[in-house]
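Trainee: Letter 35 of the sequence shown, counting from 1, is numbered 613 in the numbering used here, and no numbers are missing.
Would you mind keeping the following structure in view while I ask a few things?
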Amino acid sequence: MTALVATLGFVPMAFNVGAGADVQRPLATLVIGGIVSSTLLTLLVLPVLYRWLHRRDN
Numbered sequence: 579m580t581a582l583v584a585t586l587g588f589v590p591m592a593f594n595v596g597a598g599a600d601v602q603r604p605l606a607t608l609v610i611g612g613i614v615s616s617t618l619l620t621l622l623v624l625p626v627l628y629r630w631l632h633r634r635d636n
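Now the structure itself:
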């Protein structure tokens with residue numbers, strides 16, 4: 579939920595066409611991509627790795 583709100587907060591900056599858009603647009607897309615990728619990593623990859631390593635110990 580927090581990642582979704584943070585991503586939605588950067589959407590207006592990503593679609594900005596006013597003054598300073600040439601600096602803000604790449605920054606916003608980078609932050610949005612980082613939030614999305616870290617969320618997917620946390621929710622999908624880390625539990626799989628934990629389960630895989632936990633099975634190895636037993």
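Glycine included, every Cβ here is placed at the ideal spot set by N, Cα and C.
#1: Our contact map puts alanine 607 next to alanine 581 with C-beta atoms below 8 Å; I'd like the distance itself, whole angstroms only.
#2: Sorted by chain position, which residues of the same chain lie with C-beta nearer than 8 Å to valine 589's C-beta, five sequence neighbours on each side aside?
#3: Since I believe threonine 585 is in contact with valine 614 (beta carbons under 8 Å), could you give me their beta-carbon distance rounded to a whole number of angstroms?
Mentor: From the atom records:
#1: As a first step, residue 607 must be located in the sequence shown, where it is residue number 29. As a first step, residue 581 must be located in the sequence shown, where it is residue number 3. Before going on, a small fix: residue 607 reads as threonine here, not alanine. Beta-carbon to beta-carbon, threonine 607 and alanine 581 are separated by about 16 Å, too far to satisfy the 8 Å threshold.
#2: As a first step, residue 589 is located in the sequence shown; it is residue number 11 there, counting from the start. Excluding sequence neighbours, valine 589 sits near Ala606 and Ile610.
#3: On the sequence shown, residue 614 is found 36 positions in, with the first residue counted as 1. On the sequence shown, residue 585 is found 7 positions in, with the first residue counted as 1. Contact flag correct, Cβ pair sits at about 7 Å.
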